[in-house]
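Residue numbers (this note's numbering), protein chains in the order written: chain A, 1156 to 1583; chain B, 54 to 577.
A virtual CB, placed ideally from N, CA and C, is assigned to each residue, including glycine.
Structure first, then comments.
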Amino acid sequence: MTDRFAPPPSRGCSNTPVLKERGQHEVFCGLTGIIWLHRKMQDAFFLVVGSRTCAHLLQSAAGVMIFAEPRFATAVLEETDLAGMADAQEELDRVVTELLQRRPDIKQLFLVGSCPSEVIKLDLAKAAERMSAQFAPHVRVLNYSGSGIETTFTQGEDACLAAMVPVLPASDARELLLVGALPDVVEEQAIGLLEAMGIGPIRVLPAPNRDSEYGVGPNTVFALTQPFLTDTHAALGRRGARHIAAPFPFGEEGTTQWLWAIAQEFGVSPEKFAEVTEKPRARARKAIAQASEVLNGGSVFFFPDSQLEIPLARFLTRECGMQAIEVGAPFIHREIMTPDLDLLADGPTLAEGQDVDKQLERCRAARPNLTVCGLGLANPLEAEGMTTKWAIELVFTPVHFYEQAGDLAGLFSRPLRRRALLQQEAAE
Amino acid sequence: MKLTVWTYEGPPHVGAMRVATGMKGLHYVLHAPQGDTYADLLFTMIERRNHRPPVTYTTFQARDLGSDTAHLFKTACLEAYDRFQPEAIIVGASCTAELIQDDPGGMSETLGLPVPAIPLELPSYQRKENFGADETFYQIVKTLAKPVEKTARVTANLIGPTGLGFRHRDDITEVTGLLMEMGVEVNVVAPMTARPSDIARLGAAHFNVLMYPETAETAARWMEREFDQPYTKTVPIGVGATLDFVAEVAKLAGVEPKLDETRLRMPWYSASVDSTYLTGKRVFLFGDGTHVAACARIARNEMGFEVVGLGCYNREQARLIRSVAKDFGVEPLITDDYLEVERRIEELAPELILGTQMERHIGKRLGIPCAVISAPVHVQDFPARYSPQMGIEGANVIFDTWVHPLVMGLEEHLLTMFREDFEFYDEAGASHHGHKAKPRPVEDTRPGLDPGPQVATNSEAPDQVRGTGSIEVVWLPAAEKELKKIPFFVRGKARRNTETFAAERGVAEISVDTLYEAKAHYAR
């Protein structure tokens, strides 16, 4: 089913030694995931227990200030909470009661730990248990940590989903579970393709609301749609569910491999698989070819950001003709990344963690055609004459599966096309 | 513990970053966990700066806690010095580092750095961004500014502008021009544009122009004491304030007051007949104390608006705002609770909001036009064009900015005259705004037909019963229908006036007659 692709490299990156760095990290903390999670789960509310910094991060991080009242807020710790003058647990009860009165539509409440709440060891698990008992059955209260001392950027989503796994009911049903918060349009496409192959029933984590939840158990098989879901992967394993390992569904190749791994699990015939995937595959191929014209032959350098770096490097090198110089990721989880690492030809530096100033030096020395980095670095690098793709857009845009494969290539090619356009004008 | 949806100010270390980022040759070593680097993008994205803020974050993680976070800080400090070679370093802790009590200030002293290391004590759980900026600038000035001989010619320092400030970049140009016209030269502009070596010669100026009390008042007071430098009390936002400022500067500098008004168009624009429709428009102001106080004066005296409410989010300016509110005969709102501001706006139903990025969102939600007058602001309020708030050009800019969100004068009349028109009606939006006009729902356009039960829009009461004081006032269906014929931009005012009128007279039911009696009563 994967015969149309270039053969896998003779030496992939699975055994490449990893450059491990520690120093200043230029990445978000896990609280940032709330920005998309709170829109994905329409009956959920995220209450960060933290400081003014946490609240400020949430409203500034993504440049998101939406005029609708958000389904997230911060319980800002004050001097009295820290000095022990007020019982933090009692204070939290008061704030949550106030919140639930204001928003009676909330059915799931996430208490989200932060750096300060972790440091003062505020026990949010205990709070969640107490509140769940108090507000049941109408509201379920869960907790997870999005703190910067423990999580980076997309790990927040992982921690959130992992917290939901233990409360799913037990079930022996043979079901497929797709794990990862995807844009609605993408999720529907994935389900559509799998159902056309006769695979089902298909469940999604996170479910759009609490009422549409399902059970998990030893007959559940699951596929990850995002590469950062390591804790969720482990939590599902503890419930007896089995992971279908595959490269991540970016680009024509990634999507095909990912679907084929699931198809094999469900005994779908090669003919049926071809019948379902042929047309969208052809469309993806065509769209990528068009969008990747300016990428072909160019080099790319990834700063660590969302954990998507390795699968995207695989996509850019194998489907868009690029050469990877450095692929930095906040952390590298072998078990989940191996299928992608196997496909990524040996050559680029693999870096884990970050010392941003040293990494900037390497990047400047390499002069890549395209640098993929966070918002704090993009404009300064552009001003130095480097072309950048700001990485957060890769998390905020539908980029998975066939119909978005051209858009994904387009996200990388647009900065290059733009620079060329502006240079043309400047030259005239 | 306080429930917070949106915040007007960031934590105090963001204030320190605003000072550091405005300056040159200064580096900030911040003891902070991973994630606090989000603050970089306030500067690189929102303000579109082409350099990273001069900040090194120690980036400690959970596994470092209790073992070597102090060591991390020391290493970060030394490496930052080696890499960036600053003239001075400021050191401090973010909210999380404050809890682990590593004492960055004390540690930095032991490192033997060849440049001054200035420790910052910014209590994250008590204070906020403006305090952080003010305190940081004060500490920098206190450490670096030395007594020096005054310049031979009359000079002034411009103090207060920082990174991420609302129009600070352009205000500097404007105020520099105002001083030059009177023959007063600028000695140092700080923190923005200054190096630590410039801070050292602040004392050479004859007086200080305190542009933004939010970020530099403590430093101004200190320099007044130490260097015998008086500072200006007038912030030159608006025509009247600019004239007062010129008079104040003239007195401090011992020169003749002088203001070139050839480029000043604002008073004529305001006086021209096209602006008649602005008369008595009800406005609500909210922002930092300095901008709100200045803009309230412009709103009433220079635009002819009626100020129906005002407030500020920074408690440091509460006294100023209370006195302004007293002068305007309105209730001051001193709060940093976004929801409280929203409630007050909903209650007052103004025709225009002059606020911050937050009020822009409130306005959008309630369907009330809004112009931005104060930080916090978003990327669209850092325009490419020259767009100051202060001085002559500032007044021109303010006129344009405040009028822009409103429906234009003649258009307003036409909407009132032909309010049943199916294409051209009030909620279709102002003609000069880009968005698509929404056609009126079909059933509304047929005269004589009962439109049936209508869903109240968000900006109005969800039901027909509203309390005003202790009396419950009920709108009769005919009156409610008549009210709907009034264009939306004055409907809030009409509803409010009518209810007040009815309540004062003990009328429990509002009829069409009550509506028009109230209209006659309030007619001007």
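| Can you tell which of B:P157, B:S250, B:L217 and B:I212 has its C-alpha closest to the C-alpha of V201 of chain B? | If we check each option's Cα against that of V201 of chain B, B:S250 comes out closest.
| task | With a threshold of 16 other CB atoms inside 10 Å of the CB of W1413 of chain A, please say whether the residue is buried or exposed. | result | W1413 of chain A comes out buried.
| request: Give the interface partners of E1246 of chain A over in chain B, defined as CB-CB distance under 7 Å, in chain order. | output: Simply M54.
| query | So the beta strand (DSSP E) N240 of chain B belongs to, where does it begin and stop? | reply | N240 of chain B -> beta strand (DSSP E) spans E238 to A243.
| said: So, for A1291 of chain A: in the same chain, excluding its five sequence neighbours on each side, which residues have a beta-carbon less than 6 Å away from its beta-carbon? | reply: Excluding positions up to five away in sequence, the list is empty.
| task | Determine whether the Cβ of G520 of chain B lies closer than 8 Å to any Cβ atom of chain A. | result | At G520 of chain B the pLDDT is 42, less than 50, meaning the model places this residue with poor confidence and gives no usable figure here.
| When burial is assigned at 16 or more other CB atoms within 10 Å of the CB, is A123 of chain B buried or exposed? | Flag for A123 of chain B reads buried.
| Does the Cβ of K546 of chain B have 16 or more other Cβ atoms within 10 Å, making it buried, or fewer, making it exposed? | Counting Cβ neighbours within 10 Å, K546 of chain B comes out buried, since at least 16 surround it.
| At a CB-CB cut-off below 8 Å, which residues of chain B make contact with D1460 of chain A? | Those do not exist, as D1460 of chain A stays about 12 Å from chain B at its closest Cβ, beyond 8 Å.
| request: Name, please, each residue of chain A whose Cβ falls closer than 9 Å to the Cβ of N103 of chain B. | output: Neighbourhood of N103 of chain B in chain A, by CB distance below 9 Å: N1534, P1535, E1537, A1538 and E1539, in chain order.
| query | Do we get a CB-CB distance below 8 Å when we pair E1273 of chain A with the residues of chain B? | reply | At least one beta carbon of chain B lies nearer than 8 Å to the beta carbon of E1273 of chain A.
| said: In whole angstroms, give me the CA-to-CA distance for G256 of chain B and W275 of chain B. | reply: C-alpha of G256 of chain B to C-alpha of W275 of chain B: approximately 11 Å in a straight line.
| task | Assuming V361 of chain B and R396 of chain B form a contact by the criterion Cβ under 8 Å, report the distance between their Cβ atoms to the nearest whole angstrom. | result | That pair is no contact at about 14 Å.
| What is the rounded straight-line gap between the Cα of L83 of chain B and the Cα of P1271 of chain A? | Those two C-alpha atoms are separated by around 16 Å.
| request: Compare the C-beta of E557 of chain B with all C-beta atoms of chain A and state if any pair is closer than 8 Å. | output: For E557 of chain B, the answer is no, since every Cβ of chain A falls outside 8 Å of its Cβ.
| field | Under 7 Å from the C-beta of P1225 of chain A: neighbouring residues of chain B | value | Within chain B, the residues near P1225 of chain A are V58.
| message | Using DSSP's beta-bridge definition, name the partner residues of R1177 of chain A. | response | Under DSSP, R1177 of chain A forms a beta bridge with A:Q1509.
| query | Based on the DSSP output, what are the partners of W528 of chain B in its beta bridges? | reply | W528 of chain B is bridged to B:I563.
| Based on Cα-Cα distance, which residue from B:F190, B:R248 and B:S325 lies nearest to A273 of chain B? | The shortest CA-to-CA distance from A273 of chain B to any of B:F190, B:R248 and B:S325 is the one to B:F190.
| request: Closer than 9 Å by beta-carbon distance: list the chain B residues that pair up with R1517 of chain A, in chain order. | output: Result: empty, since nearest Cβ-Cβ is about 15 Å, beyond 9 Å.
| message | Just to confirm, is the Cβ distance from V1320 of chain A to T1385 of chain A under 8 Å? | response | T1385 of chain A sits away from V1320 of chain A, with the two beta carbons spaced by 8 Å or more.
| request: Answer with buried or exposed for D434 of chain B, where buried requires no fewer than 16 other C-beta atoms within 10 angstroms of its C-beta. | output: Under this definition D434 of chain B is a buried residue.
| request: Specify whether the region 1227-1234 of chain A and the region 81-100 of chain B touch according to this definition: at least 3 beta carbon pairs, one from each stretch, less than 8 Å apart. | output: Below 8 Å, too few C-beta pairs join the region 1227-1234 of chain A and the region 81-100 of chain B to call them touching: fewer than three.
| task | Could you work out which residues of chain B lie near I1304 of chain A, taking near to mean beta carbons separated by less than 9 Å? | result | By Cβ distance, chain B contributes P86, Q87, G88, F113, Q114, A115, R116, D117, L118 and T149.
| query | Which partner residues of N1451 of chain A appear in the DSSP bridge assignment? | reply | DSSP, once it has assigned bridges, lists no residue as partnering N1451 of chain A.
| A1199 of chain A versus I1417 of chain A: straight-line alpha-carbon distance, rounded | Each residue's Cα considered, the two are about 30 Å apart.
| task | Could you tell me which residues DSSP puts in a beta bridge with H80 of chain B? | result | Looking at the DSSP assignment, H80 of chain B forms a beta bridge with B:I142.
| 7 Å CB neighbourhood of P1338 of chain A in its chain, flanking five on each side removed | Same-chain partners within the cutoff: P1553.
| task | Consider the Cβ of E1598 of chain A: report whether some Cβ of chain B lies at a distance smaller than 8 Å. | result | Residue 1598 of chain A falls outside the range modelled here, since chain A spans only 1156 to 1583, and no answer is possible.
| request: Would you check if the distance between the CB atom of R222 of chain B and the CB atom of P1535 of chain A is smaller than 8 Å? | output: Result no, Cβ atoms of R222 of chain B and P1535 of chain A do not sit closer than 8 Å.
| Which residues in the same chain as L1277 of chain A place their Cβ atom closer than 7 Å to its Cβ, once the five residues preceding and following it in sequence are excluded? | Cβ-Cβ distances below 7 Å link L1277 of chain A to V1204 and A1243 in the same chain, with the five nearest sequence neighbours on each side left out; the list follows chain order.
| query | Out of curiosity, what's the CA-to-CA distance linking P1448 of chain A and E1420 of chain A? | reply | Residue identity differs from the one stated: residue 1448 of chain A is Glu in this sequence, not Pro. Approximately 36 Å between the Cα atoms of the pair.
| Beta-carbon spacing of T409 of chain B, G340 of chain B below 8 Å | In this structure, G340 of chain B lies closer than 8 Å to T409 of chain B by Cβ.
| message | I'd like the list of long-range same chain contacts for P1356 of chain A, defined as Cβ closer than 6 Å, with 5 residues on each side in sequence excluded. | response | Spatial neighbours of P1356 of chain A in its own chain (CB-CB distance under 6 Å, excluding positions within 5 residues in sequence) are listed in chain order as E1330.
| field | Residue from A:G1335, A:E1537 and A:F1405 whose Cα sits closest to the Cα of L1360 of chain A | value | Comparing Cα positions, the closest option is A:G1335.
| task | Thinking D297 of chain B and P441 of chain B are a contact (beta carbons under 8 Å), I'd like their distance in whole angstroms, please. | result | That pair is no contact at about 17 Å.
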